Amino acid sequence: MEVYSKSKPMDVNGQRTKVTWKIEVLSDVHSKSMDVNGQVTKVTWRIENFSTIQDEELCSENFTVDGNKWRFLIFPKGSTVDHLSIYLGVADSSTLPAGWSRYAHFGFAVIDQFDRELSITGVTTHVFNVNGADWGFPSFLPLTELRNPKSGYLVNDACLVEAYVFTDRTIGFISHELIVKTDSDKLKTKECDCVKAAMDNQRTTSTKAVEITNPSPTPPYCQIMAIEPEEPTEEDMNTFFTSLESKLWSSNTNFSREEAKEALAKVEKALNMTPVNFYDSGKLSPLKHAFKILASFDCSSSTLTIEQKKELLAMEESLKELADRAAKALQNKNILTEKESIKLTITHKLDRNVIRYKEVESEVKQVEKRLAALHVQVEEAQKERENMLAEGKEIFKSSKEMKMELEALEMQWAEYEAMAKVAEEEESIVLAEWGRIKDFISSIKGKI
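Quick note on numbering: the sequence shown equals residues 1 to 448 in UniProt numbering.
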């Protein structure tokens, strides 16, 4: 069993109220009488100075079950009615993706600190989603019954609330019997005497809100006990209470007409509930006592026959069986609801994928067109490059030939310069002689 525990003062309506917060993973919880076996996360919330709280809502710290974050909420004065209201909520619902859903099989208990088996419990299953991130019991316990000093729900102005969360869909694991018979504290055998001693102190001492330092991780329930009895085994306790129950049922207890009427009213109230609500209410244990009263009631004017008494005793088992079957049916319906939510989410994703695939297909065609246009441009550029390379080769060839011709000229340049110089001299001689002849002809022109 893994345990996480801490205690801290909390501001409630301007006062300091101590809350003790403990998380346990109950591994291999097994009971032959209940025929269950599995793992449950148990959260215990002890709230002191409860009657001084003025806040409408108390929210627990987050706790994790199978990797998912949860919390539970308590309305000390009721959410809408004069009842204590308790809900389980998805702690991180605001950050989850669209279409999320989360299943939980869970139960709550307000512990009777005099007699744990008289604790008020409620068990249900629910598929949480974006449309409902909180689920629970708005009318869990009447405030008049909670504050009744004869009950054990407020002792020394402290309220003990437990939550049990199980996320496996294959089995309806949590029940009233599991809750009232599950007590992981090793001082369970001393709890009743200690709480009663605390109750006696409560009747004589007023309680005020004070800040209390953190206790040790495993404080004793009662400081007045000096000797710790031997720890009983689960089998010892089951044997003891089974024997005690048989003895009590076999005793010839006489009940008054008022007790019989009250028992009948409880049975009628339970029958006016739906089987699922009756299963969630956790009121099977009180009804068992009511059926015992009715079956044992004896009045000369209204004595029940043996057959009627047997039928009454059988009805108690029938109600339990019918409530279990209804709860299982609701669980199966919730599974279908969850699957429908998953199916809808997948369908929406597939629709988006189809739309996106068509968009991608269109984009690919556009890219292919651009690639084709670029291919034409590449071919034209390659041809232009080839032409330019060919022109460059012709320029290179002609330039090389002209360079050779220039080099040949340079080699004969001195000879050409000498020939030019001789030619200039020859030209001067020719022009001089030409002028002389021209002058002679002119001189004789007048004589002819």
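Where is the CB? At the ideal position from N, CA and C, for every residue including glycine. In this text the structure is predicted, and so the values were computed from the model without any measurement.
Check for me: the beta strand (DSSP E) holding residue 70 runs from which residue to which?
68-75
Compare the C-alpha of residue 176 against each of 85, 162, 424 and name the closest.
162
Excluding the 5 residues flanking residue 129 on each side, which residues of the same chain have their C-beta closer than 7 Å to its C-beta?
100, 101, 341
Counting along the chain, where does the beta strand (DSSP E) carrying residue 104 start and finish?
101-110
Three-state secondary structure assigned by DSSP to residue 134:
strand
Can you name the start and end residues of the beta strand (DSSP E) that residue 86 belongs to?
83-90
Would residue 67 pass as a contact of residue 134 if the rule is Cβ separation under 8 Å?
no
Option in 433, 105, 116, 115 with minimal Cα separation from residue 123
105
CA-to-CA distance, residue 91 to residue 97, given in whole angstroms
14 Å
Might you give, ordered along the chain, the residues of its own chain that have their beta carbon closer than 6 Å to the beta carbon of residue 309, omitting 5 neighbours on each side?
295
Environment of residue 113 [buried if 16+ CB atoms lie within 10 Å]
buried
By DSSP's criteria, residue 126 is part of a beta bridge. Which residues make up the other side?
104
Reference residue 153; option with closest CA among 46, 125, 169
46
Just list the residues that DSSP pairs residue 311 with in beta bridges.
Answer is none; residue 311 lacks a bridge partner.
Can you round the beta-carbon distance between residue 137 and residue 40 to whole angstroms, since I take them to be within the 8 Å contact cut?
With a Cβ gap of about 18 Å, residue 137 and residue 40 do not count as contacting.
Are the Cβ atoms of residue 158 and residue 48 separated by less than 8 Å?
yes
Work out the CA separation of residue 271 and residue 277 for me, nearest whole Å.
10 Å
Between the CA atoms of residue 370 and residue 330 - distance to the nearest angstrom:
60 Å
Can you tell me where the beta strand (DSSP E) holding residue 416 begins and where it ends?
First-last for residue 416: 413-445, but that is the alpha helix (DSSP H), not the beta strand (DSSP E).
Taking buried to mean at least 16 other C-beta atoms within 10 Å of its own C-beta, is residue 107 buried or exposed?
buried
Just the Cα atoms here: how many angstroms apart are residue 180 and residue 71?
22 Å
Contact between the stretch 349-361 and the stretch 309-325 (3+ Cβ pairs under 8 Å)
no
Boundaries of the beta strand (DSSP E) in which residue 162 is found, first to last residue
159-166
Whether residue 84 touches residue 140 by CB criterion (8 Å)
yes
Where the beta strand (DSSP E) through residue 64 begins and ends
63-65
Quickly, what does DSSP pair residue 42 with across the bridge? List them, please.
24, 164
With 16 as the cutoff for other CB atoms within 10 Å, does residue 416 come out buried or exposed?
exposed
Below 8 Å between beta carbons: does that hold for residue 164 and residue 22?
no
Pull up the distance between the alpha-carbon of residue 424 and that of residue 435, whole angstroms please.
16 Å
Applying the 10 Å Cβ sphere with the 16-neighbour rule, what's the burial state of residue 127?
buried
Using three-state DSSP, classify residue 275 as helix, strand or coil.
helix
By the DSSP assignment, the alpha helix (DSSP H) with residue 509 in it spans what residues?
Beyond the ends of the chain as shown, which are 1 and 448, falls residue 509; an answer cannot be given.
Tell me whether residue 120 sits in a helix, a strand or coil according to DSSP, three-state version.
strand
Classify residue 292 as buried or exposed, calling it buried when 16 or more other Cβ atoms lie within 10 Å of its own Cβ.
buried
Find the nearest neighbour of residue 168 within the set 445, 56, 332, judged by alpha-carbon distance.
332
At the level of alpha carbons, what is the spacing between residue 109 and residue 146?
12 Å
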